[in-house]
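Comments concern the structure below.
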Amino acid sequence: MAFTTIPGADGDHVTYCRVCEALCGMVATVADGKIVKIRPDRDNPHSRGHICVKGPALAEVTYDPDRVTTPLKRVGDPGEFVPVGWDEALDDIAARLSASVDKYGTQSFAMNSGNPPSMGWPSSMGTYLFSRAMECTKLFTPSSEDITSVVLATELIFGTHGFVFPDLAQCDHLLIFGSNPLVSHGSLLIAPRFKEDLVEIAERGRVIVVDPRRSETARKFEHVSIIPAGDVWLLGAMVRTVLAEGLADLDFIERHCTGFAELRAAIDWITPELAAPRCGIEAEEIRTLARDFVAAPRAAAMGRIGICRASYSTLTNYFLHLLNVVGGKFHKPGGVGWGHGGTATDAQSKGPGQARHKRHSSRVSGQASVWGTQSSLTFLEEMTTPGEGRIRTLLTVGANPLLSMPGGPRLPEGFAMLDLMVSVDLYMTETSRHAHYILPATTALEREDINQFFMNHMVRPFAQYAPAVIAPTGEARGEYEILRDLAARMGRADAFGNMTPFEMADGALQAGIEGRDGLSLAKLKNNPHGLMIERGRWAFDFEKRIGHPDGKIHLWDAIAAEEVERLRAEPAPDPNALRLINLRKLRSINSWMHNVDKLVRSDEPRLLINPSDAAARQIDDGMAVRLSSQWGAIEVVAEVTDEVREGCVAYPHGWGHRGAWRIANAKPGANLNEITPATPDQAEQVSGMSWLEGFPVEISAA
Numbered sequence: 081m082a083f084t085t086i087p088g089a090d091g092d093h094v095t096y097c098r099v100c101e102a103l104c105g106m107v108a109t110v111a112d113g114k115i116v117k118i119r120p121d122r123d124n125p126h127s128r129g130h131i132c133v134k135g136p137a138l139a140e141v142t143y144d145p146d147r148v149t150t151p152l153k154r155v156g157d158p159g160e161f162v163p164v165g166w167d168e169a170l171d172d173i174a175a176r177l178s179a180s181v182d183k184y185g186t187q188s189f190a191m192n193s194g195n196p197p198s199m200g201w202p203s204s205m206g207t208y209l210f211s212r213a214m215e216c217t218k219l220f221t222p223s224s225e226d227i228t229s230v231v232l233a234t235e236l237i238f239g240t241h242g243f244v245f246p247d248l249a250q251c252d253h254l255l256i257f258g259s260n261p262l263v264s265h266g267s268l269l270i271a272p273r274f275k276e277d278l279v280e281i282a283e284r285g286r287v288i289v290v291d292p293r294r295s296e297t298a299r300k301f302e303h304v305s306i307i308p309a310g311d312v313w314l315l316g317a318m319v320r321t322v323l324a325e326g327l328a329d330l331d332f333i334e335r336h337c338t339g340f341a342e343l344r345a346a347i348d349w350i351t352p353e354l355a356a357p358r359c360g361i362e363a364e365e366i367r368t369l370a371r372d373f374v375a376a377p378r379a380a381a382m383g384r385i386g387i388c389r390a391s392y393s394t395l396t397n398y399f400l401h402l403l404n405v406v407g408g409k410f411h412k413p414g415g416v417g418w419g420h421g422g423t424a425t426d427a428q429s430k431g432p433g434q435a436r437h438k439r440h441s442s443r444v445s446g447q448a449s450v451w452g453t454q455s456s457l458t459f460l461e462e463m464t465t466p467g468e469g470r471i472r473t474l475l476t477v478g479a480n481p482l483l484s485m486p487g488g489p490r491l492p493e494g495f496a497m498l499d500l501m502v503s504v505d506l507y508m509t510e511t512s513r514h515a516h517y518i519l520p521a522t523t524a525l526e527r528e529d530i531n532q533f534f535m536n537h538m539v540r541p542f543a544q545y546a547p548a549v550i551a552p553t554g555e556a557r558g559e560y561e562i563l564r565d566l567a568a569r570m571g572r573a574d575a576f577g578n579m580t581p582f583e584m585a586d587g588a589l590q591a592g593i594e595g596r597d598g599l600s601l602a603k604l605k606n607n608p609h610g611l612m613i614e615r616g617r618w619a620f621d622f623e624k625r626i627g628h629p630d631g632k633i634h635l636w637d638a639i640a641a642e643e644v645e646r647l648r649a650e651p652a653p654d655p656n657a658l659r660l661i662n663l664r665k666l667r668s669i670n671s672w673m674h675n676v677d678k679l680v681r682s683d684e685p686r687l688l689i690n691p692s693d694a695a696a697r698q699i700d701d702g703m704a705v706r707l708s709s710q711w712g713a714i715e716v717v718a719e720v721t722d723e724v725r726e727g728c729v730a731y732p733h734g735w736g737h738r739g740a741w742r743i744a745n746a747k748p749g750a751n752l753n754e755i756t757p758a759t760p761d762q763a764e765q766v767s768g769m770s771w772l773e774g775f776p777v778e779i780s781a782a
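Using our numbering, read the sequence shown as starting at 81 and increasing by one per residue.
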C-alpha cells in the first residue's frame, strides 16, 4: 500500500499514538485535507496492530470545536478572552516577563508542564530548553503525583535515575504491585502488547497481581487482595523473609552491593506476623510469596502508581528494588534491570548519589524536591507567601493543575496574585481560563515526532519517526516553536542552540550503543513503520550504569533508615477505617480527553464501595453520597461492588470540569482533589510525593 508523507495530502499517513507510553502505531486516512479515519498500523513491528480507543480519538481532539486555535488575550475576569495575533501576544508576553524577571530575579518565574507535551520529542525539548533559557528553579510537573518516589528510591539504591523494569519477554513469574497494565498499557516500561506478554508469562508460569481492587489485570490472573497502602508492610516482610531464611543471592550481593549487614539488622523486626494485619495478607502467605519468587529461576517484581503515592511510597519502592536485588533477579534473563544496553547518553545519567534530591527545596515549607521538580503541594505557598523568590510569573504547558494537583481547587488564590500567567494548551481548561494569555498548541497529529525519549525503557527496543499528518489547525503552533520564539524575543535564544530537535535526535541515533545500532533519522524516514533494534537485553556491563562513586548497589541508605524508623513508630491501622484509592478506566487519561464524546458518553465516574461497607452505612447502589476527608467533601454516585475489598473505596481523578469544554462540563463527577491531602506537611517529607492512595475518608448519604 502506498503512503504519503506530505502533511494534509489525501491518502494514508503512517503515524503513532502519543496519548500514553505504549506509543502504538496508527494509520491516519486523509480525505479533502481532513483526517477521516484512524486505524491500527498492522505493519508496525512493535505494536503489531494493537491500539486502544484513545488513539483514534486524537482526531476528535484535533477537530474539536471547543479547541483553542488562535492566541487569546484575557480582557476581564477569568474566562473572558479575545483573539489576538501571534506577534502581539508574544511581544507583550516577552516584555512583561522580561521586566518581571529583571525586577524580581529568575526565582520569581515558574513553569508547570503536563503529560500531553511530555509524550512528544520536540514538545518536551521545547519545555526543557525554555526552562534552561529562563534559569527556572521552580519547575512543577506531574512527578509528585506520579513517579517522584520511585525516582528517589532508584537514586538511593543505584545512584542514577534510569528506570529498571521487568524482562517480560523471558519472565516466568511476575509479581505486580499497584499496577493495572491491561488498562494503563504499562508505564515506565513500554510494551504495547502488554496483555499478550502477561498471557504468555502465565502460560509459562505465574502472574500475581497485588491490589486492593480486583482490577482488570487482577481478574485475568492471580489476585492477592491487600489493604490500601499496605504494600510497604508486605514488601518489607517479603525482603525480611528472603534474608531471614537464607534465600538471598549472596554471590551477587558480595560482588556488587554494599550495606547488606545494615539492611538485615534494620528490618529484622518487620516479620510476616507483624505485617499481616497491616497489609491484610496472612503471615504464611507472605512467606510463600517470597519463597516462590526467589525459587522461580526467571522472576521479576514490578510496581507502579498504586505504590508510588501512599504515605511510605519511597520506602515501598525501595523495598521493591531490594526484593529484586537480594532475591537474585537483577540484570538476569526474566528478571529486572535497565534497558537494552542503554543509550549514548548513559554517562550523562550517572552522577553522585542524591545529586538531584534536595531535602529542603521550598523556600516556604522546606519541602523536598526530586529530579529537579518541586512538590506540587508547594505550588500555592510559593505563589502566595511574600518574600524574595515568590512566584510572580507562571508558564503552564499542557497542564491543568486545578484538576490534577492536590489542593488544585485553591490554586486560583495564587493565580490572582501573579503579574503574568501564560498557558500553552489545546483548550481553555479549568486552569488556563485564569491565564492572561492562552497560546494554542498543536495536537500530536499536527506535528512531526520521534520516540527518542522512550527508547531506553522499552521491553523490545524500537525506533520510529512520524511526519505530521496534517498542517496545524487554525493558528496553532508546536510547543517547541512557541517557546523558542518567545525566548528569542527575550534575548534568551542561546539555550536553544543552533540544532533543531531532530538534528539532536539524529546525533543520538547515530551514536547508539558504541555506534552499533546503525540508526539515523534518514534510515527511520525510509522505514515509516519503524524499526526494531536488535540488541541483547543483558549484553552490557550494568556496573557502568551505577551512579554511586564506589560503583556499588547500595542496599542501605540514611534516608531509608529514617523511613524504616518512621514506619516502626506507625500505629496499628484502624480496622473500621475506610481508605480511598484511585482507579483508571480505559477510556480516560487524566482530564484532557474528556471532551471527546465517543470516549466519555459511557464513562461515568462512580465511587466503588464494598457491599459490607455500603450496608453498614445504609448506602445503595446508584445512590448519591457524600465523600469526605479532613480536607474537604464532594458528592459522588456510589457503585456497590465486591470488586474492592472491605475497608477500601475507589474513585477516578480528573473529573468535575468547569472549563470552556462543553462535553466535559456536562459530564457528572467531582474533582477528587477537593478532598485529597493538600498541604506540604501531608506529603511524604523525604520526597515531596503527594499522598493520594490509602488516605482515610468517610461516606454518608448525600
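Heads up, the beta-carbon is just placed ideally off N, CA and C, and yes, glycines get one too.
Proximity to residue i [Cα-Cα], best of the options
| i | options | result |
| --- | --- | --- |
| PHE332 | TRP771, VAL405, ARG320 and ALA575 | VAL405 |
| SER267 | GLU719, PRO732 and GLY386 | GLY386 |
| GLY571 | GLY598, MET191 and MET214 | MET214 |
| LYS470 | GLY239, MET485 and VAL444 | Correcting the residue type first, residue 470 is Arg in the shown sequence and not Lys. Here the closest residue by C-alpha is VAL444. |
| CYS728 | TRP166, ALA657 and LEU752 | ALA657 |
| ARG513 | LEU525, ALA496, HIS628 and THR522 | ALA496 |
| PRO352 | VAL312, CYS388 and ARG384 | VAL312 |
| GLN698 | TRP711, ALA718, LEU679 and GLU684 | ALA718 |
| HIS241 | ALA102, THR338, VAL450 and PRO145 | VAL450 |
| ILE350 | TYR398, LEU314, SER600 and ARG293 | LEU314 |
| LEU785 | THR95, ILE347 and GLY478 | What the structure shows of the chain is the stretch from 81 to 782, and residue 785 is not part of that stretch, so it cannot be assessed. |
| HIS420 | ASP654, THR207 and ASP597 | ASP597 |
Simplified DSSP state of residue i, which is helix, strand or coil
| i | result |
| --- | --- |
| ARG527 | coil |
| LEU255 | strand |
| ASP92 | strand |
| PHE245 | strand |
| HIS336 | helix |
| SER445 | coil |
| GLU101 | coil |
| GLU650 | coil |
| VAL304 | strand |
| ILE366 | helix |
| LEU327 | coil |
| CYS359 | helix |
| GLU715 | strand |
| GLU764 | strand |
| ASP171 | helix |
| ASP677 | helix |
| GLY383 | strand |
| GLU773 | coil |
Residue i versus residue j - alpha carbon distance
| i | j | result |
| --- | --- | --- |
| GLU754 | GLU778 | 14 Å |
| HIS93 | ASP112 | 14 Å |
| ARG98 | ASP121 | 14 Å |
| GLY407 | GLY88 | 54 Å |
| LEU248 | LEU138 | 29 Å |
| GLU342 | LEU635 | 8 Å |
| ALA174 | SER204 | 21 Å |
| GLY27 | ARG527 | No statement about residue 27 is possible, as the shown extent of the chain runs from 81 to 782 and does not include it. |
| SER682 | TRP735 | 14 Å |
| ARG263 | GLY135 | The sequence as given places Val at residue 263; Arg does not occur at that position. Taking the straight line from one Cα to the other gives about 14 Å. |
| ASN192 | SER456 | 10 Å |
| THR425 | ASN531 | Residue confidence for THR425 is low, a pLDDT of 40 falling below 50, so the modelled location carries little weight; the figure read from the coordinates is stated next. Looking at the two C-alpha atoms, the distance is approximately 15 Å. |
| GLU365 | CYS388 | 23 Å |
| GLY452 | MET538 | 24 Å |
| THR321 | VAL279 | 29 Å |
| GLN762 | TRP771 | 7 Å |
| ALA515 | GLU462 | 17 Å |
Chain B within 7 Å of residue i, Cβ atoms only
| i | result |
| --- | --- |
| SER455 | Absence of chain B from the displayed structure is noted, only one protein chain being present. |
Problem - Stretch-stretch touch, CB-based, cutoff 8 Å, three pairs: the stretch 606–617 with the stretch 305–317 - result: no
Exercise for the section: For the stretch 657–672 and the stretch 681–688, state whether three or more C-beta atom pairs, one from each stretch, are separated by less than 8 Å. Expected result: yes
Practice task
Counting only runs of 4+ residues fully inside the stretch 185–218, write out the alpha helix (DSSP H) ranges in chain order.
Solution key: 195–198 and 201–213
Exercise for the section: Report yes or no: do the stretch 226–240 and the stretch 544–557 share at least 3 C-beta pairs separated by less than 8 Å? Expected result: no
Practice task
Note down, one range per segment and in chain order, each beta strand (DSSP E) of at least 3 residues found wholly within the stretch 564–613.
Solution key: none
Exercise for the section: Could you tell me which uninterrupted beta strand (DSSP E) segments, each at least 3 residues in length, are contained entirely in the stretch 111–151, listed from first to last along the chain? Expected result: 114–120
Practice task
Check whether the stretch 138–154 touches the stretch 484–493, counting contact only when three or more Cβ pairs, one atom from each stretch, lie closer than 8 Å.
Solution key: no
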